[in-house]
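*Asks:* Heads up, the sequence shown is in my numbering, so the first residue is 179 and it goes up one at a time.
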Amino acid sequence: MHFLFLLLAPIIAAAQPNNSIEDAMKGLLSQLFNGDDDPEDSLTSTSHTIETADGTFDYTAVTGLLPQYDDAGQKLGEMFFTAYLKEDYDPTRPLTFVFNGGPGGSSLSMHIAGFGPRRLLYPEEGQGSKSPFHLIDNPQTILNLTDIVMVDPIGTGYSKTDNEAYESFAFGVEGDIVSFAEFIRVFCVQFDRWTSPKYLIGASYGTCRACGLAEDLMASSGIYLDGIILLGSALDMNTIFPQRDLYLSECLKIPTYAATAWYHGRTNHQKSLQETVDFARRFAMEDYAPAMAEPTRLTKIEQKAFYQQLAELIGLPETTIARYQGRITEEVYVTEFKAQERKVIGGIDSRYEGDISTVGHEYFEDPSYRNFRPAFAPAFMQYLQEELQTGSIINKYKNFSVEALYRWDWRMFDAGYQPTRPNFLQRLRRTLVANPTMQVFIGSGYYDIRTPFAAVEYSIDHLELPESYRSNFQFEYYEAGHGFIFDLASLEKLKVDLTQFYNDRLIHNSKSTRK
179 MHFLFLLLAP
189 IIAAAQPNNS
199 IEDAMKGLLS
209 QLFNGDDDPE
219 DSLTSTSHTI
229 ETADGTFDYT
239 AVTGLLPQYD
249 DAGQKLGEMF
259 FTAYLKEDYD
269 PTRPLTFVFN
279 GGPGGSSLSM
289 HIAGFGPRRL
299 LYPEEGQGSK
309 SPFHLIDNPQ
319 TILNLTDIVM
329 VDPIGTGYSK
339 TDNEAYESFA
349 FGVEGDIVSF
359 AEFIRVFCVQ
369 FDRWTSPKYL
379 IGASYGTCRA
389 CGLAEDLMAS
399 SGIYLDGIIL
409 LGSALDMNTI
419 FPQRDLYLSE
429 CLKIPTYAAT
439 AWYHGRTNHQ
449 KSLQETVDFA
459 RRFAMEDYAP
469 AMAEPTRLTK
479 IEQKAFYQQL
489 AELIGLPETT
499 IARYQGRITE
509 EVYVTEFKAQ
519 ERKVIGGIDS
529 RYEGDISTVG
539 HEYFEDPSYR
549 NFRPAFAPAF
559 MQYLQEELQT
569 GSIINKYKNF
579 SVEALYRWDW
589 RMFDAGYQPT
599 RPNFLQRLRR
609 TLVANPTMQV
619 FIGSGYYDIR
629 TPFAAVEYSI
639 DHLELPESYR
649 SNFQFEYYEA
659 GHGFIFDLAS
669 LEKLKVDLTQ
679 FYNDRLIHNS
689 KSTRK
């Protein structure tokens with residue numbers, strides 16, 4: 179069943195421009211709720227101050243549930259959001275919508291481990307894996323650059339629906355995009371942010387959502403984004419997941435495997451990380467790809483030499499390489515890398531290692547961020563209840579929805595002959611052609627096996643856009659894994675990189691205005 183959403187239709191008709199955050203709040207409260215609802219339980223506003231590199235910064239945090247309706251006015255669900263807004267109302271200030279991946283992930287970690295004004299201490303700062311867990315003002319927040327809106331998809335966080343048909347629709351590529359696009363439109367109506375430069379930040383599957391949203395927002399609401407920020411990208415699933423008889427995903431993981439071997443001291447050369455990665459990029463395309471394309475044409479001597487070279491580069495025994503005939507998937511690599519020690523390394527962040535939990539060969543656990551992971555949920559819930567005063571919401575906050583992940587409908591209207599292997603490059607291509615001033619920031623971790631950096635490089639190389647579009651992209655790399663915002667040095671670098679990204683865009687807008 180297809181829903182054409184009319185989010186908050188009665189409100190949109192009656193909405194007037196707001197002159198402050200408080201006016202927007204009052205207007206939203208007066209129109210969203212009838213006598214059966216208590217607005218105080220659904221929307222909160224708290225005032226805060228943070229010290230930044232630019233001085234003292236006053237901001238308002240707004241948390242709430244925006245209901246969603248179908249075109250007949252039936253309420254279908256509610257999306258939970260947290261907005262961090264500069265205290266002095268400025269409708270021309272940049273506005274950035276932030277969401278996580280999965281699919282099925284809430285925005286929890288984006289709040290307190292990266293972009294929000296408050297964050298957890300990191301292990302290198304003294305945070306342990308046991309309580310008490312400590313939040314501090316976040317020097318790396320992007321709030322000094324842009325207002326921030328954290329959004330939880332339906333089925334995650336406090337976002338929910340009692341409508342089974344709507345849930346089935348929202349648990350899919352296209353329905354998820356429509357839901358987010360309508361949420362953004364209504365937020366702009368209620369908070370008078372139509373003239374704000376608008377950005378999206380998506381992590382992991384959120385990068386897919388961002389590419390889909392960028393196009394949908396133009397068509398559905400006339401919103402042309404100023405930029406999208408893609409972290410740990412998975413733009414073409416053919417570059418990510420193994421496929422029978424095709425070796426592309428394994429080829430594009432080789433530079434990450436080489437970086438991993440370098441980190442763990444499995445290389446016998448004196449190259450730097452960057453030199454190792456550059457060599458691995460060339461090897462993947464100039465040696466690995468030809469050898470895998472015509473494996474039967476290699477003599478036994480040539481095949482052995484190829485296996486030996488690959489083994490030395492990625493840190494696995496030559497016998498292991500030969501057993502898998504050079505096809506080294508993530509599961510093979512993380513379980514075989516330290517198999518003699520009965521250890522497994524992280525697929526999310528290959529710097530981490532841990533004990534295996536089974537006597538067989540099942541690959542269930544990922545040791546990435548075990549030293550940090552236990553702090554997230556308790557610290558965030560305390561933050562919501564005490565600092566943002568959302569404790570009156572009694573529903574369980576769902577950090578990750580396994581149900582959404584397993585029920586996800588991967589079909590796309592423009593998927594062509596591979597409906598179960600989503601490819602968002604066409605969406606990005608069409609968006610850039612229609613909106614050639616939109617900038618794209620791509621951040622990747624060197625030790626991210628799940629969404630390897632070579633895969634997004636390959637994807638962007640195959641956009642088939644004119645050379646003039648190369649200036650639309652800013653590539654940045656971090657010495658961490660998929661969640662490189664969980665690494666303090668990487669987060670500090672990311673803040674510097676994003677400052678450049680936002681400021682360059684503001685300079686570009688200023689020049690465009692003067693012409």
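Ideal placement from N, C-alpha and C gives every residue a C-beta, glycine not left out.
May I have the straight-line CA-CA distance separating residue 676 from residue 401, to the nearest angstrom?
*Replies:* Using only the alpha carbons, I get a separation of about 22 Å.
*Asks:* State yes or no: is the beta carbon of residue 344 nearer than 8 Å to at least one beta carbon in chain C?
*Replies:* Looking at the structure shown, chain C is missing, and only one protein chain is on hand.
*Asks:* Excluding the 5 residues flanking residue 566 on each side, which residues of the same chain have their C-beta closer than 8 Å to its C-beta?
*Replies:* For residue 566, where only same-chain residues beyond five positions count, the Cβ hits under 8 Å are 222, 224, 239, 241, 260.
*Asks:* Determine the closest residue to residue 348 out of 266, 269, 248, with distance taken between C-alpha atoms.
*Replies:* Closest option to residue 348, Cα to Cα, is 248.
*Asks:* Sorted by chain position, which residues of the same chain lie with C-beta nearer than 8 Å to residue 203's C-beta, five sequence neighbours on each side aside?
*Replies:* Summary for residue 203: the model assigns pLDDT 49, below 50, so the residue's position carries little reliability; its value from the coordinates is reported in the next sentence. The answer, listed in chain order, is 221, 223, 240.
*Asks:* Does DSSP put residue 678 in a helix, a strand or coil?
*Replies:* Reduced to three states, the DSSP call for residue 678 is helix.
*Asks:* Tell me the rounded alpha-carbon separation between residue 679 and residue 671.
*Replies:* Going by the C-alpha atoms only, they are around 12 Å apart.
*Asks:* Should the region 434-447 be regarded as contacting the region 390-398, the criterion being three or more beta carbon pairs within less than 8 Å?
*Replies:* Not touching, per the Cβ criterion.
*Asks:* From 614, 644, 653, 593, pick the residue whose C-alpha is nearest to that of residue 622; which is it?
*Replies:* Among 614, 644, 653, 593, the Cα nearest to that of residue 622 belongs to 653.
*Asks:* Should residue 461 and residue 491 be called a contact, given that it needs their Cβ atoms to be closer than 8 Å?
*Replies:* Yes, the Cβ-Cβ distance between residue 461 and residue 491 is below 8 Å.
*Asks:* Counting C-beta neighbours from all protein chains within 10 Å, is the total for residue 649 16 or more, i.e. buried, or is it exposed?
*Replies:* Residue 649 comes out exposed.
*Asks:* Leaving out five residues before and five after residue 374 in sequence, what residues of the same chain have Cβ atoms less than 7 Å from its Cβ?
*Replies:* For residue 374, where only same-chain residues beyond five positions count, the Cβ hits under 7 Å are 269, 270, 271, 272, 273.
*Asks:* Hey, how far is the Cα of residue 626 from the Cα of residue 665?
*Replies:* Using only the alpha carbons, I get a separation of about 13 Å.
*Asks:* By the 10 Å Cβ neighbour count, where 16 or more other Cβ atoms means buried, how is residue 479 classified, buried or exposed?
*Replies:* Exposed, by the Cβ-count rule.
*Asks:* Measure from the alpha carbon of residue 418 to the alpha carbon of each residue in 383, 466, 450, then state which is nearest.
*Replies:* Answer by Cα proximity: 383.
*Asks:* Hey, how far is the Cα of residue 335 from the Cα of residue 558?
*Replies:* Using only the alpha carbons, I get a separation of about 11 Å.
*Asks:* Cα separation between residue 547 and residue 527?
*Replies:* Taking the straight line from one Cα to the other gives about 8 Å.
*Asks:* Mind checking residue 584: buried by the 16 CB within 10 Å criterion, or exposed?
*Replies:* So residue 584 counts as exposed.
*Asks:* Specify whether the region 313-324 and the region 417-432 touch according to this definition: at least 3 beta carbon pairs, one from each stretch, less than 8 Å apart.
*Replies:* Segments in contact, no.
*Asks:* What residue does the beta strand (DSSP E) around residue 245 start on, and which one ends it?
*Replies:* It spans 233-247 - the beta strand (DSSP E) in which residue 245 sits, taken as one unbroken run.
*Asks:* Just to confirm, are residue 306 and residue 581 a CB contact at a threshold of 8 Å?
*Replies:* No, the Cβ-Cβ distance between residue 306 and residue 581 is not below 8 Å.
*Asks:* Please report how far the alpha carbon of residue 643 lies from the alpha carbon of residue 463, in whole angstroms.
*Replies:* C-alpha separation (whole angstroms): 21 Å.
*Asks:* Report the start-end ranges of each alpha helix (DSSP H) in the region 506-568 that is 4 residues or longer and not cut off at the edges.
*Replies:* Within the region 506-568, the complete alpha helix (DSSP H) runs of at least 4 residues are 508-514, 554-560.
*Asks:* Thinking residue 414 and residue 603 are a contact (beta carbons under 8 Å), I'd like their distance in whole angstroms, please.
*Replies:* About 6 Å; that satisfies the 8 Å criterion.
*Asks:* Who pairs with residue 329 in a beta bridge, going by DSSP?
*Replies:* Beta-bridge pairing links residue 329 to 259.
*Asks:* Hey, how far is the Cα of residue 416 from the Cα of residue 599?
*Replies:* If I take the Cα positions, the gap works out to 6 Å.
*Asks:* Leaving out the 5 sequence neighbours to the left and right, which residues in its chain are closer than 7 Å to residue 262 when beta-carbon positions are compared?
*Replies:* Answer for residue 262: 237, 239, 294, 295, 321, 325, 326, listed in chain order.
*Asks:* In this structure, does DSSP put residue 289 in helix, strand or coil?
*Replies:* Note: residue 289 maps to helix in three-state DSSP.
*Asks:* Kindly list the residues whose CB is nearer than 7 Å to the CB of residue 376, restricted to its own chain and excluding five residues on each side of it in sequence; keep chain order.
*Replies:* Excluding residues within five positions, the ones whose Cβ falls inside 7 Å are 273, 401, 403, 404.
*Asks:* Between residue 279 and residue 381, how many whole angstroms is the CB-CB distance? I'm expecting something under 8 Å.
*Replies:* Confirmed, about 5 Å.
*Asks:* Is the beta carbon of residue 441 sitting closer than 8 Å to the one on residue 529?
*Replies:* The answer is yes: Cβ separation under 8 Å.
*Asks:* Does the separation of the CB atoms of residue 379 and residue 407 fall below 8 Å?
*Replies:* Cβ atoms of residue 379 and residue 407: closer than 8 Å.
*Asks:* Out of 370, 352, 624, 683, which one is the CA nearest neighbour of residue 663?
*Replies:* When each option's Cα is compared against that of residue 663, the closest is 624.
*Asks:* Go ahead and pull the three-state DSSP assignment for residue 475.
*Replies:* Helix at residue 475.
*Asks:* Considering Cα atoms alone, identify which of 589, 388, 310 is closest to residue 616.
*Replies:* Comparing Cα positions, the closest option is 388.
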